[in-house]
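Trainee:
In this note's numbering, the protein residues as written are 22 to 225.
Here it is, written out as structure tokens:
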């Protein structure tokens, strides 16, 4: 668009200069002026088309940008509602044992509504580009032979609960890490309760 405007201005300047000396010029100059005027008309038409195209393109980009900003705001609002924490491994949504209410030594979720999983499923429905990694964790009681499979079973139970809430299985992975990533001391009942958890990492 800028190049066309510059060419149009240069052609106009040249034509004005030529017209100033038209009376002293030979008749062949008339043809040159007519050609220049035709060129100006063509450039003006091209310029108008390019301006219209630029306006349309700009409107499209603005609409796309507004849509992206709205989507991002909705995403972060959903993260905030779920109490998410940003980490280098993804957005962490930590679900404590008290919230999921696993029976001791079992991996069966209670039937009915589980508010946190309902909210996560709703967020994933609104953000179809997101994927999720579900990690099960235990305290140190019982040893790895018990804790590793138990932690995986609990992660799989959460995965299945999200699938039942409409999340596509391909967007979910589940793994059990046992007691290997404690976040509190296993020497107290409170610490062990904190370590018995399921972590959900949302990956953009």
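C-beta atoms are modelled at their ideal positions from N, C-alpha and C, and glycine is treated no differently. Since this is a predicted model, take the numbers as computed values, not measurements.
(1) Going along the chain, which residues of its own chain have a beta-carbon closer than 7 Å to the beta-carbon of residue 180, five neighbours each way excluded?
(2) With three or more C-beta pairs closer than 8 Å as the rule, is the segment 103–112 touching the segment 55–63?
(3) Among 71, 83, 116, 183, which one has its Cα closest to the Cα of residue 145?
(4) How big is the Cα-Cα spacing for residue 122 and residue 87?
(5) Per DSSP, what are the beta-bridge partners of residue 224 in this structure?
(6) Alpha carbon to alpha carbon, how far is residue 133 from residue 162? Give it in angstroms, no decimals.
(7) Can you give the Cα-Cα distance for residue 160 and residue 173, rounded to whole angstroms?
(8) For residue 191, is the classification buried or exposed, using 16 other Cβ atoms within 10 angstroms of its Cβ as the cut-off for buried?
(9) Would you kindly report the start and end of the unbroken beta strand (DSSP E) that includes residue 196?
(10) How about residue 199 and residue 165: are their beta carbons less than 8 Å apart?
(11) Measuring CA to CA, which of 67, 34, 68, 188 is closest to residue 54?
Mentor: This is what the structure gives:
(1) Numbered from its first residue, the chain shown carries residue 180 at position 159. For residue 180, where only same-chain residues beyond five positions count, the Cβ hits under 7 Å are 155, 193, 195.
(2) no
(3) In the chain shown, counting from the first residue as 1, residue 145 sits at position 124. Per the Cα distances, 183.
(4) Within the chain shown, the letter at position 101 stands for residue 122. Within the chain shown, the letter at position 66 stands for residue 87. About 41 Å.
(5) For the purposes of this step, residue 224 is taken as residue 203 along the chain shown, with counting starting at 1. Beta-bridge pairing links residue 224 to 152.
(6) Sequence index remark: in the chain shown, residue 162 carries index 141 (1-based). Sequence index remark: in the chain shown, residue 133 carries index 112 (1-based). Each residue's alpha carbon lies about 29 Å from the other.
(7) Working through the chain shown from its first residue, we reach residue 160 at position 139. Working through the chain shown from its first residue, we reach residue 173 at position 152. Between residue 160 and residue 173, the C-alpha separation is close to 13 Å.
(8) Here residue 191 corresponds to residue number 170 of the chain shown, with the count starting at 1. Residue 191 is exposed by the Cβ-count criterion.
(9) On the chain shown, position 175 is the one that residue 196 refers to. It spans 193–197 - the beta strand (DSSP E) in which residue 196 sits, taken as one unbroken run.
(10) Within the chain shown, the letter at position 178 stands for residue 199. Within the chain shown, the letter at position 144 stands for residue 165. Result yes, Cβ atoms of residue 199 and residue 165 sit closer than 8 Å.
(11) Stepping through the chain shown from its first residue, residue 54 is reached at position 33. Closest option to residue 54, Cα to Cα, is 34.
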